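Position in the sequence shown counted from 1, then plus 473, gives you the working numbering.
The C-beta atom is built at its ideal place from N, Cα and C for all residues, glycine as well.
Given the structure is predicted, the values throughout are model-derived calculations rather than measurements.
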Amino acid sequence: MADIDWKALEEAAVAAMRKAYVPYSKFPVGAAALTEDGRIVSGCNVENASYGLTLCAECALVGDLHMSGGGRLAAFYCVDAEGAVLMPCGRCRQLLYEFRAPGMQLMTTQGIRTMDQVLPDAFGPENLEDKQ
Ligand code: THU
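Below you can see the structure in the form of structure tokens.
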């Protein structure tokens, strides 16, 4: 797995946050992640007049992951408007779980945590194996 440059991830998350479209909540979010093969992918939240259709920053990040070659996420960093670390919401923890590399790490308000720590006992692709 590539070395984790947390500073580079923070900077990419802040840059993404500055692109957020948040006319309703006024709460910009930026997310960035390091892929197993050393790329940095990122995303910002994009809101909608139909509030429930809002796309979290992590949604855009997962899109960027696929559009830039796919692969798995080794490390993740999410920030708010002040650049402070933000915990991914519950739904987005599930989104990230799908594409986690083994031992994926997240910068959290409690320091570095693993995916398994922030989404314990998760439902995932493994649960569907041999059932399709
Ligand atoms: N938001 C994200 O983009 N990611 C999260 O993990 C938490 C919440 C966004 C959604 C909405 O645009 C704004 O933050 C306020 O909830």
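The chain-ordered list of residues whose CB is nearer than 6 Å to some heavy atom of the ligand THU reads 495, 498, 500, 502, 518, 520, 527, 529, 530, 531, 561, 562 and 565. In the DSSP secondary-structure assignment, residue 550 is bridged to 505.
Using a Cβ-Cβ distance cut-off of 8 Å, the region 550–564 and the region 516–528 are not in contact, since fewer than three pairs of beta carbons, one from each stretch, lie closer than that value. Per DSSP, residue 514 lies in no alpha helix (DSSP H) segment; the continuous beta strand (DSSP E) that holds it begins and ends at 513–517. Per the DSSP secondary-structure output, residue 585 pairs in a beta bridge with 580.
In this structure, the CA atom of residue 488 is about 9 Å from the CA atom of residue 505. Residue 558 has 552 as its beta-bridge partners, per DSSP. By the neighbour-count criterion, in which 16 or more other beta carbons inside 10 Å mark a residue as buried, residue 593 falls on the exposed side.
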